[in-house]
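Protein chains in written order, with the working numbering: chain H, 1 to 124; chain G, 1 to 733. Ideal Cβ placement from N, Cα and C applies to all residues, glycine included. In this text, all values refer to a predicted model and were calculated from it rather than measured experimentally. Remarks on the structure that follows.
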């Protein structure tokens with residue numbers, strides 16, 4: 001079965017690349033442009049993995065992460081935090097709040113795809 | 001007049017005695033006569049009785065006149081001489097007694113004057129020796145004063161009761177109530193009408209920093225107590241570095257870094273504290289702007305490079321992609337690259353303007369920090385605390401005041417909204433940053449509620465702190481988040497805080513050795529301003545000597561105050577730099593007499609603030625002092641008339657130099673200010689301005705204190721009671 005990935009980022013230039021990349025790697029991809037859109041799409045779409053930008057309008061990535069982890073039904077959902085905040089304390093915070101991986105921009109697309117695959121294979 | 005009255009009684013008795021002696025002599029003479037002679041005398045007496053009685057009366061009257069004459073010539077003159085001699089002996093050694101009266105008194109007066117001459121010579125010699133000794137001390141003091149005035153830091157020394165003993169002008173500037181520039185603004189904005197009622201330039205010379213004033217008037221009480229607590233614990237732990245550091249805001253949006261060190265006596269007991277103040281406003285502003293700039297630059301750069309890299313890697317990874325797709329990716333790369341170049345240029349330009357600065361943080365041991373936070377949480381919230389694991393080897397670089405307050409605030413929210421009664425604290429090392437956790441169990445708040453608590457400004461009992469827990473964490477270059485485990489109901493808030501290696505810093509023993517002993521350190525033993533004030537010796541009290549000028553003499557008839565002048569007396573010194581001097585717009589006409597006396601023309605008063613503005617300021621100036629005025633009843637009446645309008649009441653203890661003068665010199669009839677001044681050897685300068693008269697009154701008052709002591713009047717209560725007894729106390733305006 002095709003795995004579902006939700007890309008949550010408000011920067012169109014990175015979203016285009018990520019969407020293309022993941023589709024070409026055989027995933028079902030949807031896009032959310034702010035925190036609220038993410039929460040709106042989650043119950044219906046039920047992605048296997050979410051690429052979550054920290055700095056988003058309306059609700060930031062940390063909040064989304066905590067909300068997901070607070071819901072017992074979504075415990076299996078993988079969260080990869082994607083951020084321009086480069087400090088290691090933010091990475092520490094993201095992981096502490098329940099993210100499975102924390103990727104700092106700029107990143108290698110190859111490594112990102114590998115990371116996504118690893119996480120989804122683990123889940124399978 | 002009691003001496004004279006007693007003398008009168010004595011003399012009246014003497015007259016009566018003389019009359020009785022004459023009568024007795026007559027009776028004895030009569031008894032010694034033969035019966036025939038008795039009959040002859042009786043018949044003469046019967047016939048010439050009226051004449052005899054007249055003679056007797058004339059004799060008694062002339063005796064009385066003689067007595068009266070002698071009384072004036074000798075007894076009253078003697079008392080006057082005594083008073084005059086006392087003046088020479090006391091306040092005015094250059095005065096000489098008036099040579100007049102009988103030859104004996106002239107001789108006596110001349111003898112007194114010769115004695116006074118010798119006395120003065122002797123005094124001058126002693127004074128000269130003292131002057132020489134003082135000159136050395138003075139030089140040393142000036143060296144310190146010069147040093148202190150050159151310091152870029154503010155310095156304030158205060159005793160354990162919080163009374164200021166020493167300060168420099170930098171400290172006064174940093175803590176002064178009126179920020180620079182406010183006066184200019186008033187002048188620029190205010191039209192004529194609003195200007196008259198506006199605050200005007202502050203009459204407080206140097207705000208409320210003053211010798212003998214309370215430190216709590218200028219630095220937040222909570223901060224000082226926080227510093228004291230830190231120092232007490234350092235002392236208990238026998239630390240060699242006794243210094244506490246914190247950051248506070250001052251008037252005019254200054255951010256001050258304050259270092260606090262104790263002054264110890266030989267027994268290592270704390271007798272006072274030294275505060276050094278440093279203005280961090282600019283440094284922090286620059287630092288904050290630089291940090292924000294750097295962070296924005298980093299994030300946008302990462303973001304742009306991220307987009308470029310993803311796009312180019314896609315192009316290379318999927319060469320078979322459509323032409324449109326490829327072009328789309330190329331456009332992204334160009335747009336992001338152009339964007340990035342622009343931001344880098346702007347950022348570099350802005351960055352070069354700023355200097356490097358740090359938010360001031362102090363070094364603190366983990367154990368001390370946890371102890372401090374626990375005490376603060378328990379004392380402000382009645383929430384129990386316990387320490388879990390605390391890594392004792394850790395030293396943190398921290399603003400402990402803000403951290404303790406922020407956590408205490410969170411504990412108070414938890415208690416009020418979730419009924420949490422106990423929190424735990426643990427502190428352990430992390431990668432680069434230490435973890436400080438506050439844990440609790442029981443009912444947990446919503447994620448959103450916790451987010452709000454983390455980001456709203458801390459507001460606790462004594463004053464609000466504008467920073468939220470999140471901002472406090474970010475200021476430390478750390479972060480904060482909370483985690484809850486719904487399964488067992490436990491939760492914690494985690495703060496990441498920077499660690500450091502302790503350095504020795506400023507050794508307080510140096511301070512101890514260089515303590516400037518020649519200032520007003522007597523104030524170390526100053527009693528607190530309490531109801532026991534009454535038993536305090538007059539020489540030890542702090543006074544506000546004041547005077548008012550008015551439109552006329554009838555406060556209840558609508559006359560108004562047009563000027564208030566005041567000066568402070570601390571430890572027997574008139575402080576020329578701590579004065580209050582303010583003209584007031586009376587909003588009415590001024591009597592020609594008043595204009596003639598005061599020299600204040602009505603035009604001068606038009607732009608001045610009104611009494612409603614000035615009186616509360618004067619009230620603050622006079623706070624916690626004993627008021628002194630000449631003919632105080634008059635000035636007080638004017639102040640009392642304004643109680644309702646201004647909402648301030650002057651409940652300070654009050655002394656009146658007019659009454660005190662009457663206590664000291666009961667035989668002098670005139671107690672006008674200039675007469676008193678002349679009597680006490682105070683020179684008359686700057687009369688008939690409120691401040692000039694206040695200074696004159698203050699100088700006279702200082703001369704009176706030892707004279708009152710000679711009369712057995714030492715304390716405030718004794719002075720007040722003696723003043724009450726004098727005749728003048730019954731004068732009502």
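Residue 723(G) lies in the alpha helix (DSSP H); which residues open and close that run?
Position 723 of the second chain, counting from 1, holds the residue named residue 723(G). That run of the alpha helix (DSSP H) goes 716-725.
Should the stretch 241-250 of chain G be called in touch with the stretch 416-426 of chain G, which here means at least 3 C-beta pairs below 8 Å?
No, because fewer than three Cβ pairs between the stretch 241-250 of chain G and the stretch 416-426 of chain G fall closer than 8 Å, the two stretches do not touch.
For residue 298(G), return the contacting residues in chain H, with the cut-off set at a CB-CB distance below 7 Å.
As a working mapping, residue 298(G) is identified with position 298 in the second chain. The answer, in chain order, is 86.
Roughly how many angstroms lie between the CA atoms of residue 401(G) and residue 379(G), to the nearest whole one?
Within the second chain, numbered from 1, the residue matching residue 401(G) stands at position 401. Within the second chain, numbered from 1, the residue matching residue 379(G) stands at position 379. Cα-Cα distance, rounded: 14 Å.
If the cut is a Cβ gap below 8 Å, which residues of chain H does residue 163(G) touch?
Taking the first residue of the second chain as position 1, residue 163(G) is located at position 163. The contacting residues do not exist; residue 163(G) stays about 45 Å from chain H at best.
Can you tell me where the beta strand (DSSP E) holding residue 364(G) begins and where it ends?
Here residue 364(G) is taken as the residue at index 364 of the second chain, counted from 1. 362-365 is the span of the beta strand (DSSP E), which, as asked, contains residue 364(G).
To the nearest angstrom, report how far apart residue 128(H) and residue 83(H) are at their CA atoms.
No answer is possible for residue 128(H): the residues shown for chain H start at 1 and end at 124.
At 9 Å on the CB atoms, spell out the chain H contacts of residue 456(G), in chain order.
As a position in the second chain, residue 456(G) is number 456, starting the count at 1. Near residue 456(G) there are no residues of chain H at all, since even the closest Cβ is about 16 Å away, more than 9 Å.
Give every residue of the same chain whose Cβ lies closer than 6 Å to the Cβ of residue 586(G), excluding the five residues on either side of it in the sequence, and list them in chain order.
Your numbering for residue 586(G) matches position 586 in the second chain. Taken in chain order, the residues that qualify are 551, 560 and 562.
Whole angstroms are fine: how far does the CA of residue 584(G) sit from the CA of residue 726(G)?
Taking the first residue of the second chain as position 1, residue 726(G) is located at position 726. Taking the first residue of the second chain as position 1, residue 584(G) is located at position 584. Answer to the nearest angstrom: the Cα atoms are 34 Å apart.
Under a CB-based cut-off of 8 Å, is residue 104(H) close to chain G?
For the purposes of this step, residue 104(H) is identified with residue 104 of the first chain, where counting begins at 1. By this cut-off, residue 104(H) is an interface position.
Report all residues from its chain with a CB closer than 6 Å to the CB of residue 525(G); omit the five preceding and five following residues, and keep chain order.
Taking the first residue of the second chain as 1, we reach residue 525(G) at position 525. Here residue 525(G) scores only 34 on pLDDT, less than 50, and its place in the model should not be relied on; the value that follows carries that caveat. Nothing listed; no residue qualifies.
On the three-pair Cβ rule with 8 Å, is the stretch 99-118 of chain H touching the stretch 310-320 of chain G?
With a cut-off of 8 Å, the stretch 310-320 of chain G and the stretch 99-118 of chain H count as touching, because enough Cβ pairs lie within range.
If distances are taken between C-alpha atoms only, which option among 303(G), 697(G), 71(G) and 54(G) comes closest to residue 565(G)?
As a first step, residue 565(G) must be located in the second chain, where it is residue number 565. It is 697(G) whose Cα lies nearest to the Cα of residue 565(G).
Could you work out which residues of chain H lie near residue 338(G), taking near to mean beta carbons separated by less than 9 Å?
The residue you call residue 338(G) lines up with position 338 of the second chain. In chain order: nothing, as chain H lies at least about 12 Å away.
Using alpha carbons as the reference points, say which of 22(G), 682(G), 278(G) and 216(G) lies closest to residue 257(G).
Here residue 257(G) refers to the residue found at position 257 of the second chain. Taking only the C-alpha atoms, the option nearest residue 257(G) is 278(G).
Counting contacts by CB-CB distance shorter than 8 Å, is residue 442(G) in contact with chain H?
Residue numbering aside, residue 442(G) sits at position 442 when the second chain is read from its first letter. For residue 442(G), the answer is no, since every Cβ of chain H falls outside 8 Å of its Cβ.
Just the chain H side, please: which residues come within less than 7 Å of residue 317(G) by C-beta, in chain order?
Residue numbering aside, residue 317(G) sits at position 317 when the second chain is read from its first letter. Chain H residues near residue 317(G): 109.
Going by Cα to Cα distance, which pick from 56(G), 48(G) and 365(G) is closest to residue 239(G)?
Mapped onto the second chain, residue 239(G) falls at position 239. The shortest C-alpha separation from residue 239(G) is found at 365(G).
Check residue 470(G) in the structure and name its three-state DSSP category.
Counted from its first residue, the second chain places residue 470(G) at position 470. Note: residue 470(G) maps to helix in three-state DSSP.
With a threshold of 16 other CB atoms inside 10 Å of the CB of residue 316(G), please say whether the residue is buried or exposed.
Position 316 of the second chain holds residue 316(G). It is exposed - the Cβ of residue 316(G) has fewer than 16 other Cβ atoms within 10 Å.
Quick check on the DSSP output: the beta strand (DSSP E) that includes residue 441(G) runs from which residue to which?
Within the second chain, numbered from 1, the residue matching residue 441(G) stands at position 441. Its beta strand (DSSP E) spans residues 433-441.
By Cβ distance, which residues of its chain are closer than 8 Å to residue 593(G), with the 5 residues on each side in sequence left out?
Sequence index remark: in the second chain, residue 593(G) carries index 593 (1-based). Closer than 8 Å at the Cβ level, and outside the excluded window around residue 593(G), lie 552.
For residue 395(G), report the span of its beta strand (DSSP E) as first-last.
If you number the second chain from 1, residue 395(G) lands on position 395. Counting along the chain, the beta strand (DSSP E) containing residue 395(G) begins and ends at 395-398.
Using CA coordinates, which residue listed in 471(G), 411(G) and 499(G) is at the minimum distance from residue 428(G)?
Along the second chain, read from residue 1 onward, the residue named residue 428(G) stands at position 428. Selected option, being the one with the closest Cα: 499(G).
Spell out whether any CB of chain G is found under 8 Å from the CB atom of residue 46(H).
To locate residue 46(H), count along the first chain from 1; it is residue 46. Chain G, which has no Cβ nearer than 8 Å to the Cβ of residue 46(H), makes this no.
Quick check on this structure: which residue in 26(G), 567(G) and 615(G) has the alpha carbon closest to the alpha carbon of residue 629(G)?
In the second chain, residue 629(G) corresponds to position 629, counting from 1. Out of 26(G), 567(G) and 615(G), 567(G) has the C-alpha closest to the C-alpha of residue 629(G).
Can you give, in chain order, each stretch of the alpha helix (DSSP H) that sits fully within the stretch 30-75 of chain G and has at least 4 residues?
The stretch 30-75 of chain G contains these whole alpha helix (DSSP H) runs: 35-70.
According to DSSP, which residues form a beta bridge with residue 735(G)?
Missing from the structure shown is residue 735(G); chain G here goes from 1 to 733 and no further.
By DSSP, does residue 482(G) sit in helix, in strand, or in coil?
Translated into the one-based positions of the second chain, residue 482(G) becomes position 482. Here residue 482(G) sits in strand by DSSP.
Which of helix, strand or coil does DSSP assign to residue 1(H)?
For this step, residue 1(H) is matched to residue 1 along the first chain. Correct three-state label for residue 1(H): coil.
Which bits of chain H does residue 433(G) rub up against, with CB to CB less than 7 Å?
What you label residue 433(G) is simply residue 433 of the second chain in a count that begins at 1. Those are 89, listed as they occur along chain H.
Just to make sure I have the definition right: I need the residues of chain H whose C-beta is within less than 9 Å of the C-beta of residue 398(G). Which are they?
Residue 398(G) sits at position 398 when you count from the first residue of the second chain. By Cβ distance, chain H contributes nothing, its closest Cβ being about 16 Å from residue 398(G), past 9 Å.
Return the CA-CA distance between residue 185(G) and residue 576(G), expressed in angstroms with no decimal places.
For the purposes of this step, residue 185(G) is identified with residue 185 of the second chain, where counting begins at 1. For the purposes of this step, residue 576(G) is identified with residue 576 of the second chain, where counting begins at 1. Its pLDDT being 31, under 50, residue 185(G) is placed unreliably in this model, and the value from its coordinates should be taken loosely. So the two alpha carbons sit approximately 28 Å from each other.
Using only CA atoms, which one of 100(H), 51(H) and 39(H) lies nearest to residue 28(H)?
Numbered from 1 along the first chain, position 28 holds the residue referred to as residue 28(H). Out of 100(H), 51(H) and 39(H), 51(H) has the C-alpha closest to the C-alpha of residue 28(H).
What does DSSP give as the partner residues of residue 158(G) in its beta bridges?
Within the second chain, numbered from 1, the residue matching residue 158(G) stands at position 158. In the DSSP output, where bridge partners are listed per residue, residue 158(G) has 164(G) and 273(G).
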